[in-house]
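*Asks:* The structure under discussion is supplied below as structure tokens; questions concerning it will follow.
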Amino acid sequence: MLLRLVILVYAMLGLGQLAQAQDEVADRVVWKPSYSGSCQNCNLVGQQMPYWDVRGVRYDGSDLSYASLYRAVADQAHFTSIKATRTEFSHAQLVETNFTGAVMDGARLIGVEAYGTDFSRASLDYADLL
Numbered sequence: 019m020l021l022r023l024v025i026l027v028y029a030m031l032g033l034g035q036l037a038q039a040q041d042e043v044a045d046r047v048v049w050k051p052s053y054s055g056s057c058q059n060c061n062l063v064g065q066q067m068p069y070w071d072v073r074g075v076r077y078d079g080s081d082l083s084y085a086s087l088y089r090a091v092a093d094q095a096h097f098t099s100i101k102a103t104r105t106e107f108s109h110a111q112l113v114e115t116n117f118t119g120a121v122m123d124g125a126r127l128i129g130v131e132a133y134g135t136d137f138s139r140a141s142l143d144y145a146d147l148l
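Position in the sequence shown (first residue = 1) + 18 = the numbering used here.
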């Protein structure tokens with residue numbers, strides 16, 4: 019009888035730790051849409067996303083102001099109509115990416131690879147492009 023009680027207690031503790039671990043993982047990745055796909059109209063203000071691989075995702079209409087996508091890989095991604103005021107894109111790979119209608123005032127785009135990228139109707143006032 020005592021052995022069954024001990025086994026039951028260990029089982030309950032183990033399940034509790036598993037549930038806690040799952041909650042911690044969920045909290046850690048919920049705000050990281052690049053790992054699972056697109057995030058349209060999301061509030062990503064100030065998020066730190068350096069080195070992220072967001073190829074082909076859709077962030078249309080999202081607010082990425084003050085965020086960092088330093089050295090991110092965003093080939094063929096869609097950032098149409100985003101707000102990216104003072105966002106860090108330096109050394110990012112933005113090949114064939116769509117920034118149509120984006121507001122990128124004060125953004126840093128130093129050393130980006132942007133071959134075939136569409137900045138039509140984008141606002142780049144005070145952006146650092148060198």
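Even for Gly, the Cβ is constructed at its ideal location relative to N, Cα and C.
Using only the alpha-carbon positions, how far apart do serine 52 and methionine 67 sit?
*Replies:* Because serine 52 sits at a pLDDT of 44, beneath the cut-off of 50, its placement in the model cannot be relied upon, and the following sentence gives the value as read from the coordinates. Rounded to whole angstroms, serine 52 to methionine 67 spans 9 Å at the Cα level.
*Asks:* Strictly by DSSP, which residues pair up with asparagine 61?
*Replies:* Partner(s): Asp81.
*Asks:* State buried or exposed for glutamate 106, treating a residue as buried only when at least 16 other CB atoms are found within 10 Å of its CB.
*Replies:* Glutamate 106 is buried by the Cβ-count criterion.
*Asks:* Given a cut-off of 8 Å on the beta-carbon distance, is the pair alanine 92 and arginine 73 in contact?
*Replies:* In contact: alanine 92 and arginine 73 (Cβ atoms closer than 8 Å).
*Asks:* Are tyrosine 69 and alanine 85 closer than 8 Å when you measure CB to CB?
*Replies:* No. Outside cutoff.
*Asks:* Look at the alpha carbon of aspartate 78 and the alpha carbon of glycine 129, and state the distance between them as a whole number of angstroms.
*Replies:* C-alpha separation (whole angstroms): 23 Å.
*Asks:* Which residues in the same chain as histidine 109 place their Cβ atom closer than 6 Å to its Cβ, once the five residues preceding and following it in sequence are excluded?
*Replies:* Closer than 6 Å at the Cβ level, and outside the excluded window around histidine 109, lie Arg89, Gly129.
*Asks:* Between which residues of its own chain and glutamine 65 is the CB-CB distance below 6 Å, once the five residues before and five after are set aside?
*Replies:* The answer, listed in chain order, is Ala85.
*Asks:* Look up glutamate 131 in the DSSP assignment and say whether it is helix, strand or coil.
*Replies:* Correct three-state label for glutamate 131: strand.
*Asks:* For the putative contact between glutamine 58 and serine 83, defined by C-beta atoms under 8 Å, what is the C-beta separation to the nearest angstrom?
*Replies:* Contact flag wrong, Cβ pair sits at about 16 Å.
*Asks:* By Cβ distance below 8 Å, which residues in the same chain neighbour alanine 125 in space, the five residues on each side in sequence not counted?
*Replies:* Taken in chain order, the residues that qualify are Ala102, Thr103, Arg104, Thr105, Glu106, Phe107, Leu142, Ala145, Asp146.
*Asks:* Buried or exposed: where does asparagine 61 fall if 16 or more other Cβ atoms within 10 Å of its Cβ makes it buried?
*Replies:* Exposed, because fewer than 16 other Cβ atoms sit within 10 Å of the Cβ of asparagine 61.
*Asks:* Can you list, in chain order, the residues of its chain whose CB lies under 8 Å from that of threonine 98, leaving out five sequence neighbours each side?
*Replies:* So the qualifying residues of the chain are Asp78, Gly79, Asn116, Phe117, Thr118, Gly119, Ala120.
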